[in-house]
Amino acid sequence: MPSQGSHPSEALLAEDARLAGLLRRGRDGDRVAYHAFLTDLSVRLRRQMCASARGLGGADVEDLVQEILLSVHASRVTWDASRPVLPWIAAIARYRLADALRRRGRAGRLFDEMALLLETFDMSAANSTSEELVNSMSMIRAMDELSATERRAFTLVRLRGHSSAEAARLSGSTVAAVKVAVHRAARKLQALVAQGRL
Amino acid sequence: MQTQELIDRLAREAGQVRPLSPPWLRTARWIALAATFVAVIVLAMSPRPDLAEELRTARFWIEQVSATATAVLAANAALALSVPGTARRVALAPLLPAAVWLASQGVGCIAALAGRSEISLSSEPECLALVALTGSLPALALVVMLRRGLPVRPRLSLALAALAASAIGAVGLRVFHSQDAAMMVLVWQTGSVAVLTFSGWLLGRTILHTSTPI
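Sequences listed follow chains A and B, in order.
Under our numbering, residues 966 to 1163 are what the first sequence spells out, in order.
Under our numbering, residues 27 to 240 are what the second sequence spells out, in order.
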C-alpha cells in the first residue's frame, strides 16, 4: 500500500481504482461487489501483514486481518469517494497493527527474549558460558512458575511458533482455552520481569 | 471464525450506507450547536454588567475572535482526523489563532507589569469548572461525532476536541464572567483550556479507541 507522499506506480493506481469501484458499489448496496472488495482486501492484507509483522504467528496474522476487515467495514462511511482508497485502508491497517503490537507490548518483547533464551538453552552444552547458563536457569525457573496448561500452551504457541488452532489440536484443548492460557502465562512472566525475578 | 466466514457475513449484512459529510460541513453543524449552547449558558448566567464597555475595547475583540477561530479550526482538525488517511498536519491549523490568543493576553500581562511594580493574582479555580461547564455539551457532541468516524490518532483527536470545546467555553466565560486582568485571564481561563486540552490527550485512547471483538 502506498504511503502518503510517495509516487504510486500505474499498477497501484489501477489496483486502487478497482478496489475503490468495488467499495463504491458496495456502499450503494451491491453485496456481490462488496464481497469481492473484502475478499481482495483480505488477500492483500494477509500478504502485507506477513511481510511487515514478522513477529506475529499465522493465527495472529489471521486475527489481525479480521480486525482490519471489521474496522474497514465499520468505518466504510468515512471514505471520501473522491480520494484514493488504498491510503485510507493503509491508515486503518496501521492503526490496527499498532493496536495489536501495543496489546502484546512488553509481552511481545518478552516473547522474543524467551525465544532467544530457549535457543541459548538448546546450545548450552556446546556453548556453556556462565551468562548462558544463568539465562537457561532463569528460563527454567520462570517456566516453573506457570501451571502445566499454561506452560504447554506458551511453549507451543510462543516458543515453537504453532498457531492457536494447532496448539489446541496438539494439546487436546480448544482454541479459546489455548489463547487464555497463553495470555495468563504472558501476564505471569511479565510480573516476574517487573519483580526482577527473571 | 474463519476469515472467509467473516467476509461472507459482513457482505450479507451490508446494506446501502450514506457516506459521512465532509469535515467542513460537520464542523459547521458543530458550530451551530456549540454557539446555541454557549448563548443559552451566557443568558442563564447573565451577561457581565460591563459588557457594553468591553465590547468597545480592541483587546476583548482580539481575544474573542482568536479564541473562536481556535475553537473552529481545532474542531475541524479533529473531525478531519476522524477520517483515516488524513495528514496529521491539519492539526497545526489552530496553532496560529491560538498563538494570537495567547499573545494578546501576554501583551496585556506585559503592559500590566510595566504599569505597576506588582500585579494581583488571586485564586479563581472556579474558572476551570465554568470553562468545562460552558464547553460540556460542545465537547460531548464532538466526541459523538468523532466516534462516527475512526479516529486513528485518538489522543490527538481528543486533545483537539477538548481544545475546541474549552476554547468556545472560554469565549462564553468572557461574556458572563467579570475577570479582566490579563494575568488572571491568562492563568485561570486560558490555563483551564490548557488543562482540559491536556486531559483530552491523556484520555484520548480510553474514550475514542474502538476495539473490534471477533
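Don't be surprised by glycine CBs; every beta carbon is placed ideally from N, CA and C.
*How would you label Val1050/A, buried or exposed, when you count the other beta carbons within 10 angstroms and need 16 or more for buried?*
buried
*Quick one: give me the first and last residue of the alpha helix (DSSP H) that Gln30/B is part of.*
For Gln30/B, the enclosing alpha helix (DSSP H) has its first and last residue at Thr29 to Glu39.
*asked:* Which residues of the stretch 38-56 of chain B have a Cβ closer than 8 angstroms to any Cβ of chain A? Give them in chain order.
replied: Arg38, Ala40, Gly41, Gln42, Val43, Arg44, Pro45, Leu46 and Pro48
*Using 8 angstroms as the limit for Cβ to Cβ distance, is Gln1031/A near chain B?*
yes
*What residues from chain A crowd round Ser108/B, counting only those whose CB sits closer than 8 angstroms?*
Thr1043
*asked:* For a minimum of 3 consecutive residues, which ranges assigned as the beta strand (DSSP E) are wholly contained in the stretch 189-230 of chain B?
replied: none
_Using the three-state DSSP reduction, which class does Ser1089/A fall into: helix, strand or coil?_
Residue confidence for Ser1089/A is low, a pLDDT of 34 falling below 50, so the modelled location carries little weight and cannot support an answer.
*CB-CB under 8 angstroms to Leu984/A, same chain, minus the five flanking residues each way: which ones, in chain order?*
Phe1002, Asp1005, Leu1006, Val1050, Leu1051 and Ile1054
*Could you tell me whether the Cβ atoms of Pro48/B and Ile1057/A are closer together than 8 angstroms?*
no
*asked:* Tell me the DSSP secondary structure of Arg82/B in three-state form.
replied: coil
*What residues in the stretch 165-181 of chain B bring their beta carbon closer than 8 angstroms to a beta carbon of chain A?*
Cβ contacts with chain A come from Arg174, Gly175, Leu176 and Val178.
*Return the chain-ordered list of same chain residues with a C-beta closer than 8 angstroms to the C-beta of Pro73/B, the five sequence neighbours on each side being excluded.*
Val201 and Phe202
*asked:* Taking the alpha-carbon of Ile136/B as reference, which of Leu159/B, Glu152/B and Met210/B has the nearest alpha-carbon?
replied: Met210/B
*If we call anything under 8 angstroms between Cβ atoms a contact, is Leu182/B one with Ala117/B?*
yes
*Would you mind telling me which residues of chain A sit closer than 8 angstroms to Ile33/B, beta carbon to beta carbon, in chain order?*
His1000, Leu1003, Thr1004, Ser1007 and Leu1034
*asked:* Short of 8 angstroms Cβ to Cβ, which residues in the stretch 1119-1143 of chain A face chain B?
replied: So nothing in the stretch comes that close.
*Thinking Val1143/A and Val1122/A are a contact (beta carbons under 8 angstroms), I'd like their distance in whole angstroms, please.*
7 angstroms
*Check each candidate in Val178/B, Ala61/B and Ser162/B and name the one with the smallest Cα separation from Ala113/B.*
Val178/B
*Anything in the stretch 971-1000 of chain A with a Cβ closer than 7 angstroms to a Cβ of chain B? List those residues in chain order, please.*
Gly991, Arg992, Asp993, Gly994, Arg996, Tyr999 and His1000
_Glu1032/A burial status per 10 Å Cβ neighbour count (16 or more: buried)_ = buried
_Could you compute how far the alpha carbon of Ala129/B sits from the alpha carbon of Pro123/B?_
10 angstroms
*Would you decide whether Pro151/B is buried or exposed? Buried here means 16 or more other CB atoms lie within 10 Å of its CB.*
exposed
*Measuring alpha carbon to alpha carbon, tell me which of Glu1110/A, Arg1152/A, Gly1126/A and Ala1065/A ends up nearest Thr236/B.*
Ala1065/A
_Coarse secondary structure for Ala119/B, derived from DSSP in three states_ = coil
*Helix, strand or coil: how does DSSP classify Gly175/B here?*
coil
_Listed by chain order, chain A residues near Thr232/B by CB distance under 9 angstroms_ = Per Cβ cutoff of 9 angstroms: no residues; Thr232/B is ~13 angstroms from chain A at best.
*Any C-beta of chain A sitting closer than 8 angstroms to the C-beta of Leu229/B?*
Under the Cβ distance rule, Leu229/B does not count among the residues neighbouring chain A, no pair being separated by less than 8 angstroms.
_Does the CB of Thr21/B have a neighbour CB from chain A at under 8 angstroms?_
Past the boundaries of the shown model lies residue 21/B; chain B is included only from 27 to 240, so the question cannot be answered.
*Are the stretch 226-233 of chain B and the stretch 92-101 of chain B in contact at 8 angstroms, needing three or more beta carbon pairs?*
Contact between the stretch 226-233 of chain B and the stretch 92-101 of chain B is absent, with fewer than three C-beta pairs closer than 8 angstroms.
*asked:* Let me see if you follow: with CB-CB separation under 8 angstroms, is Leu105/B close to chain A or not?
replied: By this cut-off, Leu105/B is not an interface position.
*Which word fits Gln215/B, buried or exposed, when buried means at least 16 other C-beta atoms lie within 10 angstroms of its C-beta?*
buried
_Rounded to the nearest angstrom, what separates Ala140/B and Leu212/B at their Cα positions?_
17 angstroms
*From Asp76/B, Trp87/B, Ala78/B and Ala104/B, pick the residue whose C-alpha is nearest to that of Gln131/B; which is it?*
Trp87/B
*Roughly how many angstroms lie between the CA atoms of Ala1132/A and Gln1155/A, to the nearest whole one?*
22 angstroms
*Does DSSP classify Trp1044/A as helix, strand or coil?*
coil
_Length of the line joining the Cα atoms of Arg173/B and Trp1044/A_ = 15 angstroms
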